[in-house]
Structure formats: C-alpha cells, structure tokens
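Engineer: One line per chain: the protein sequences are A and B, in this order. Last residue of the first sequence? That's 349 in my numbering, and every number before it is there in order. Last residue of the second sequence? That's 330 in my numbering, and every number before it is there in order. Ideal placement from N, C-alpha and C gives every residue a C-beta, glycine not left out. Next up is a structure, given as structure tokens.
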Amino acid sequence: MTQATIPTPQRPWGTSVAQRLTTAAILALAAVLAGAAIELTGLSGKLGFAAAYFFFASLLIFVQQLRLRDLAAAKDSLLSSFAFLAMTITLIPIVSIVMTVFLKGYKGIHFGMFANDMTQASVNDPVTSGGLLHALVGTILMVGGALIVSFPIGLLTALYLTEIRGKLARPIKFLVQAMSGVPSIVAGLFILSILVIPVTQELTGLMGSLALSILMIPTIARTAEEMLLLIPNELREAGVALGATQWRTVSGVVVPAAKSGLVTAVILGIARIIGETAPILLVSGGADALNFNPTSGPMGSLPFYIWKAFLTGGTEEAYARAWGGMLILLILIMVLFGLARYLSGRKVV
Amino acid sequence: MTLLENKSADIPAPREITTKPRRSDQIFRAVVTIGGMTSLVILGLIALFLSLKGISVLQVEKLSFITESKWEVLQDAEGKVAESTFGLGAMLIGTFLAAFIAVIVGVPIAVLSALYLTFYARGPVKKLLISLIDLMAAFPSLLFGFWGFIVLMSSAEYWAKLLNKYLGFIPIFDVPAPIFERSPFIAGLVLAIMIIPIVTAISREIFDQTPLDRVQAAYALGASKLAMIRAVVIPYGRGGVVGGAMLGLGRAMGETVAVYTVLNVVYQINWQVLFGAGGNVASLILLKFGEAGPEEVNALMAAGLVLFLLTLTVNAISDVLINKFGKKGR
Chain A
1 MTQATIPTPQ RPWGTSVAQR LTTAAILALA AVLAGAAIEL TGLSGKLGFA
51 AAYFFFASLL IFVQQLRLRD LAAAKDSLLS SFAFLAMTIT LIPIVSIVMT
101 VFLKGYKGIH FGMFANDMTQ ASVNDPVTSG GLLHALVGTI LMVGGALIVS
151 FPIGLLTALY LTEIRGKLAR PIKFLVQAMS GVPSIVAGLF ILSILVIPVT
201 QELTGLMGSL ALSILMIPTI ARTAEEMLLL IPNELREAGV ALGATQWRTV
251 SGVVVPAAKS GLVTAVILGI ARIIGETAPI LLVSGGADAL NFNPTSGPMG
301 SLPFYIWKAF LTGGTEEAYA RAWGGMLILL ILIMVLFGLA RYLSGRKVV
Chain B
1 MTLLENKSAD IPAPREITTK PRRSDQIFRA VVTIGGMTSL VILGLIALFL
51 SLKGISVLQV EKLSFITESK WEVLQDAEGK VAESTFGLGA MLIGTFLAAF
101 IAVIVGVPIA VLSALYLTFY ARGPVKKLLI SLIDLMAAFP SLLFGFWGFI
151 VLMSSAEYWA KLLNKYLGFI PIFDVPAPIF ERSPFIAGLV LAIMIIPIVT
201 AISREIFDQT PLDRVQAAYA LGASKLAMIR AVVIPYGRGG VVGGAMLGLG
251 RAMGETVAVY TVLNVVYQIN WQVLFGAGGN VASLILLKFG EAGPEEVNAL
301 MAAGLVLFLL TLTVNAISDV LINKFGKKGR
C-alpha cells in the first residue's frame, strides 16, 4: 500500500521571512532616526525619544505600505500603529505600578510585622519595629462582616434577576448598576448619617463593614447573575419536570451547579472592597492596637495603615512602611484575582 | 357556530390546571423578591438620609450651595461657630475639571486599546493583556493615588511645564505662579489611568458584539481593517462606547482618595489646570470631615448628596446608552 503524501499545511497569508526582516529593518531605522532627532533638535529625554520613535516608525511603515500597495493600506497601517501605541500606553502604568510596589515594598516587609501592632511604635520608627497585625485582623474582620451582609443580598438579587424574572427585573438591574457607581465616600457618609450620628455615636469596625457592603453588594450581584445565567436552562427544566418545586430546583440544582461561579462572585467582591480607603477613614476610625471586637472601639485596617504611614510620616521609614503595607495589599488582590480567574475558568470583569 | 357549540358540549369539562405555586415556593419567591428590592431600598435610604442631614444647610443656602464658592466657618472668641457659609461651587468646578481631563486623555487611549484587543491581538497575548487590564481595574484607588504622587508626579510636572511653555497663550494652560506640582492636570492624568481599564473593558465587550457577518461582508468586499472598523464597528459601537466613557466620567467624578493624595486640595476656583491648587467634592469631604463641627458635617452631608445625585445621573445615562447600543449588536 503506497503511502499518500500529505502536503504540509501552508499559510500563504502568513508573514514571510523577508517581510519580517523588512519590518525589523524599518523599526531599527526608526530608532536610528529618533536618536538623530534627539541629538539634532530640541527634543530630549525618554519621552522625546519615544515620541520621535513612534513618529518615525509609523511614518516609515506608512511610506512602505504606500509603495507596496495603495493609500488605503497605508492609512490602515496608521490605525494599527495608533492602536498599538494606545495599548502600550495602557500597559505602562500597570507595569510601573506593580514594579514600584514590589521594588519599594520589599524593604518594608519583615517577619515580625505579622506578629506586632503599632502600639509600641510610631510610623517613623525603623520598619523592623511594630507591624501590621492589627491592620490585617481589622481588614479580615471588616471584609468578613461585609461579606456576611452582602453575600445573601447579592445572591438574592441575582436569583431575582435570573430565576424569578419578575416585572421589576429590568429596573432592578438598572438600580444594581447605579449602585455600583455610588462613590465610596458617599457610602461612608450614608452610614454616618443613618447609624453613627443618630444611633451608635461611635466609630467601630461594624460600621466599616456596613459601609463596605454597600460597595460590595453590586459586585456580588452582577457577577452572581452572570454566573447563574451560565447554568443551562435544561437543568432547571429537568428539576421542574421531575416534580420539584422552584425552591427545590433552585436550592438543589441551580445554586449547587453555580457553586464555583458564586465563589468567584464572592472573591471579586472581596477584591473590590479590600483596598477601599475613603469609607474606612470616615466610619471605622483607625486604631494602632489590635481590636477583635467589631462592635466597640475604632478598628485598624490595611488601607488605614498605609494611609497613616504615608500621610503622617514623611521619613524614609514611614514611606517604606507604607509601601510594605501596599505590597501586602497588592499581593492579596492579585491572589484573589488569580483565584477568581482559576475558579471561573472564563473571562471575568 | 352551532356545530362548534354542540361538539364542545360532548367533551367533559377540562381538568382544572392551576399555576398557583405551593406554599414553599410562595415563601421562596417572596424572600427572593424582597432581597431583590434591597438595591432600591439602599439607594432610596442614601438619598433620604443624606437629605435629612443636609436639609438644614440647604434650607439656609438654597441654590447658592451649588453656585457660590465660599466654604467658611467663622468662630468667635470662645470657639463657638459664629457664622458659616457653605458654597460648593469651586469644588464642583474642580470635580468636572479633573473628570473631564480624565475622559479627554483616557477615553481615546482606552478605545484604541479596545480596538487593538478586539481586532489585532491574537491567542495567548490577547488573553494575557485582557487579564492585566482586568487586574488593573481591581487595583485600589489608594494605590493609584500614591503611585501618582511618587512616580507620575515628576514626569507629569515636566509635561505640564512643556504644555505651559508652548501652549501657555491658551488661558487654561496659563498659570498665575510657576507651581506645577499637585495640579488638577496631574490629578486628571491619574484619574485617566484609573478609568482606562474600565472604559477599555466595556468598549471591548461592545466591539466584540459587532455582528460577525457584517465584519466578514466588509472584508469580502475588500475592505481594509480601517475601512471595516469605520463602516461596521464604529456605527455599531458608537453609543456603547459613549456609554462606557460616561461610566468612566462617573467614576472619575466620585473618586476620593486618589485625588486627595495627588491634588493640593485648596478651596478656590481654579480653571488653570496646570496650577497646583484645586479639589473635588469627594476630596473636600475627606479633608473637612476630621475637624468639622455638627453644622459643617451637615454641610458635608449635603455635599455628599450633590455628589451622589451627580454620579447617579451620569451612571444612569451611561447605563441606558450601554444597554441600548450593546443589545443592538448582539
């Protein structure tokens, strides 16, 4: 039996080696021209070089396309140049922020910081004295409290939107969206006006939890809704067809099927509020000592710890302390975010 | 007619079929509906309680609370409040100024980035970029504020000087004194960086919904990417992108901590974006809250109410636009 020769798949539309070399040559030439422009004209600095480089690179590609093809192709190349530029500009702050936090933050990290609070140290002391135990505990308690309030409400809202689908589904969706746009400081002011000033007269961790839950509810509701919508309708129909009531179907089939999605919603909700500063500053006070009781006395938190070290210090030590706290916060957010991604296994916003 | 009636008389009465839910379902539906109403209740309570606290100030100041620009609490010799004037004007201008700078700088970059992600990026690179941008959207504003203060400030100050040098003849780029640090311009840049991930994500979703048959029809007719985007993607996505930009505007207007850190919060009307003074409503609340007496707290509540209504309006418009135009393309 003769072996039929299978032709290797070709990609005639792909870029050839010659094309790649031309592009590389153009980009190199643009760099040379940009360097010359820096030397010869008034432009200077990294920004000047970047601007000149972009100008020459897109100009050269434009000319090349014009020669090889036509004006339409040349204009098209301009769009891709600008889209690429915009993407680069978008990425620069992300890279810069993460690098800044890691480079400045690692100096502020030491083992003892997880075992001490700030009662024995001021922000200007060397970073090895004191720590952020109180802040971590406060953040965990406050976020936990916010979660206890927000998760049931968020889940019920999502269930209303996906399972009940009542007449009010559209307005409620709209309101949830509107709620996600409430400025964080307004959430703090609201808790002040409804609870702190007329009732408790005391800044406590619980008030912080309540303010945070206003910001957390819309995130959980929207993500949970998206996740519940992913559950195929056949599952619901199967449940009902087997004689289950809607309550049984939802509690026994739909919610368990969406479990990982709901966990994702919770994680994204936590990531949303864990770094919130403005409401915390208004309603939970801010303490340097450990406080395990959310209902009495001010409570420290990670954002407050960073805020205080940054604004009241002014020395190198205080800055190192602030960036150290920021590094912990950023790592927490990244871990939460990675976890949410892993669990949902799909795009999440 | 009669034939039909006769025939139906022979058939036994149909079994009664009800769709009345059982008791357990009634309870379930009631609980979920009540839970679903929470957002309505919370938004209503926010408006109600901020108004209740702020009403005393609003009654005294009336419309001048938003038109006048004087925020003063005068104390007599015993430290009691003798006279107070509350006018939010300067901070409202500051809020719009910083937010508009953010939108003008941020939205074009975000939309082009979204175009890049939708039509240029491929495979794992695309996935990585989308993850990075979503991660950036989750960064706390505190982080943006401190990064803006420590890292961006020196570069932005240099850019501000360049703008002032070459475009100083335009009134808004003029400065009364050469103080370029901590200006509304720099605050606007930080806000721009904060809204870029949000606007990019929404624009990308809108662009993704462009009907594929139209896209392919354009390509089949020989359109280049530019021509296809101009003929198909932009007409479909325009409204949604405007909605995304409005959402960004709403975020930028309500931002507190980043503005407070970067901007030199001074109570004055400052149109000159490069000059290092200004503020916004949210940062004013944070600044004044610490040492405010009961009357001033009420004024801050009223300021919060104004901010709440402002962002609510902007968000409502953006939501309508995104839903209206987002669905069309689906």
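Run down chain A in chain order and give the residues with a C-beta less than 7 Å from the C-beta of Arg22 of chain B.
Structural biologist: Thr245
Engineer: Residues in the stretch 257-282 of chain B with C-beta within 7 Å of chain A's C-beta atoms, listed in sequence order?
Structural biologist: Val257, Ala282
Engineer: Can you grab the Cα-Cα spacing for the pair Gly106 of chain B / Lys20 of chain B, in whole Å?
Structural biologist: 53 Å
Engineer: Could you tell me the distance, in whole angstroms, from the CA atom of Gly108 of chain A to the CA atom of Pro303 of chain A?
Structural biologist: 15 Å
Engineer: Using a C-beta cutoff of 9 Å, does Leu189 of chain A count as contacting chain B?
Structural biologist: yes
Engineer: Please determine if the stretch 210-230 of chain B and the stretch 137-151 of chain B are in contact, where contact requires at least 3 C-beta pairs separated by less than 8 Å.
Structural biologist: no
Engineer: Helix, strand or coil, according to DSSP, for Leu74 of chain B in the structure here?
Structural biologist: Correct three-state label for Leu74 of chain B: strand.
Engineer: Excluding the 5 residues flanking Met227 of chain A on each side, which residues of the same chain have their C-beta closer than 7 Å to its C-beta?
Structural biologist: Ala258, Gly261, Leu262, Thr264, Ala265
Engineer: In angstroms with no decimal places, state the Cα-to-Cα distance between Val349 of chain A and Asn315 of chain B.
Structural biologist: Because the pLDDT at Val349 of chain A is just 35, under 50, the model does not fix this residue reliably, and the point stays unresolved.
Engineer: Measure the Cβ-Cβ separation of Ala311 of chain B and Val127 of chain A and say whether it is below 9 Å.
Structural biologist: Reading off the sequence, residue 311 of chain B comes out as Thr, not Ala. Taking 9 Å as the Cβ cut-off, Thr311 of chain B and Val127 of chain A do not qualify as a contacting pair.
Engineer: Using a Cβ cut-off of 9 Å (strictly closer), state whether Gly304 of chain B contacts chain A.
Structural biologist: So yes, Gly304 of chain B belongs to the interface.
Engineer: Quick check: what's the CA-CA separation for Ser296 of chain A versus Leu206 of chain A?
Structural biologist: Going from the Cα of Ser296 of chain A to the Cα of Leu206 of chain A covers about 8 Å.
Engineer: Name the chain A residues whose beta carbon is nearer than 8 Å to that of Pro140 of chain B?
Structural biologist: Ile274, Gly275, Glu276, Thr277, Pro303, Leu329, Ile333
Engineer: Relative to the C-alpha of Glu181 of chain B, which residue among B:Leu263, B:Ile101, B:Ala227, B:Phe207 is closest?
Structural biologist: For Glu181 of chain B, the nearest C-alpha among the options comes from B:Leu263.
Engineer: Nearest chain B C-beta to Leu136 of chain A closer than 9 Å, yes or no?
Structural biologist: No, because no Cβ of chain B sits closer than 9 Å to the Cβ of Leu136 of chain A.
Engineer: Using DSSP with H/G/I as helix, E/B as strand and the rest coil, what is Ser96 of chain A?
Structural biologist: helix
Engineer: With DSSP as the reference, please indicate the residues paired to Val81 of chain B in a beta bridge.
Structural biologist: B:Gln75
Engineer: Can a CB atom of chain A be found closer than 9 Å to the CB of Glu255 of chain B?
Structural biologist: yes
Engineer: Going by beta-carbon coordinates alone, are Val303 of chain B and Ile285 of chain B separated by less than 9 Å?
Structural biologist: Note on identity: in this sequence residue 303 of chain B is Ala, with Val being the wrong assignment. Cβ distance < 9 Å, so Ala303 of chain B and Ile285 of chain B count as in contact.
Engineer: What number of angstroms, rounded off, separates the C-alpha of Ile140 of chain A from the C-alpha of Leu274 of chain B?
Structural biologist: 41 Å
Engineer: Could you tell me which chain A residues have their CB closer than 8 Å to the CB of Lys225 of chain B, listed as they occur along the chain?
Structural biologist: Asp76, Leu79, Ser80
Engineer: Checking contacts by CB at 9 Å: is Val153 of chain B closer than that to chain A?
Structural biologist: At residue 153 of chain B the sequence reads Met, which differs from the Val that was named. Output row for Met153 of chain B: interface = no.
Engineer: Could you tell me which uninterrupted beta strand (DSSP E) segments, each at least 3 residues in length, are contained entirely in the stretch 229-271 of chain B, listed from first to last along the chain?
Structural biologist: none
Engineer: Tell me the start and end of each unbroken alpha helix (DSSP H) in the stretch 138-209 of chain B that is at least 4 residues and wholly inside, in chain order.
Structural biologist: 141-147, 153-167, 184-208
Engineer: Just how far apart, CA to CA, sit Lys328 of chain B and Tyr236 of chain B?
Structural biologist: In this prediction, Lys328 of chain B has a pLDDT of 48, which is less than 50 and means its spatial position is unreliable; what the coordinates show is noted afterwards. Each residue's alpha carbon lies about 8 Å from the other.
Engineer: Determine the DSSP secondary structure at Phe86 of chain B, reduced to helix, strand or coil.
Structural biologist: strand
Engineer: Among B:Gly243, B:Pro140, B:Trp271, whose alpha-carbon lies nearest the alpha-carbon of Ile273 of chain A?
Structural biologist: B:Pro140
Engineer: Quick one: residues in its chain with C-beta nearer than 6 Å to the C-beta of Asn270 of chain B, no 5 flanking neighbours on either side, listed in chain order?
Structural biologist: Ala277, Gly278
Engineer: Does any residue of chain B have a CB that is nearer than 9 Å to the CB of Glu39 of chain A?
Structural biologist: No - not a single Cβ of chain B is within 9 Å of the one on Glu39 of chain A.
Engineer: Just reading off the alpha helix (DSSP H) that Gln59 of chain B is part of, what are its end residues?
Structural biologist: 38-61
Engineer: Based on the DSSP output, what are the partners of Gly416 of chain B in its beta bridges?
Structural biologist: A query on residue 416 of chain B cannot be resolved here, the shown segment of chain B reaching from 1 to 330 and no further.
Engineer: At the level of alpha carbons, what is the spacing between Lys288 of chain B and Ala72 of chain A?
Structural biologist: Looking at the two C-alpha atoms, the distance is approximately 57 Å.
Engineer: In the DSSP assignment, the alpha helix (DSSP H) including Lys259 of chain A goes from what residue to what residue?
Structural biologist: 259-273
Engineer: Please report the residue range of the alpha helix (DSSP H) in which Tyr110 of chain A lies.
Structural biologist: Inspection of the sequence shows that residue 110 of chain A is occupied by His rather than by Tyr. Per DSSP, His110 of chain A belongs to no alpha helix (DSSP H) and is neither H nor E.
Engineer: Let me know the secondary structure DSSP gives Trp13 of chain A once reduced to three states.
Structural biologist: coil
Engineer: For the stretch 219-247 of chain B, which residues have a CB atom closer than 8 Å to at least one CB atom of chain A, in sequence order?
Structural biologist: Cβ contacts with chain A: Ser224, Lys225, Leu226, Ala227, Ile229, Leu247.
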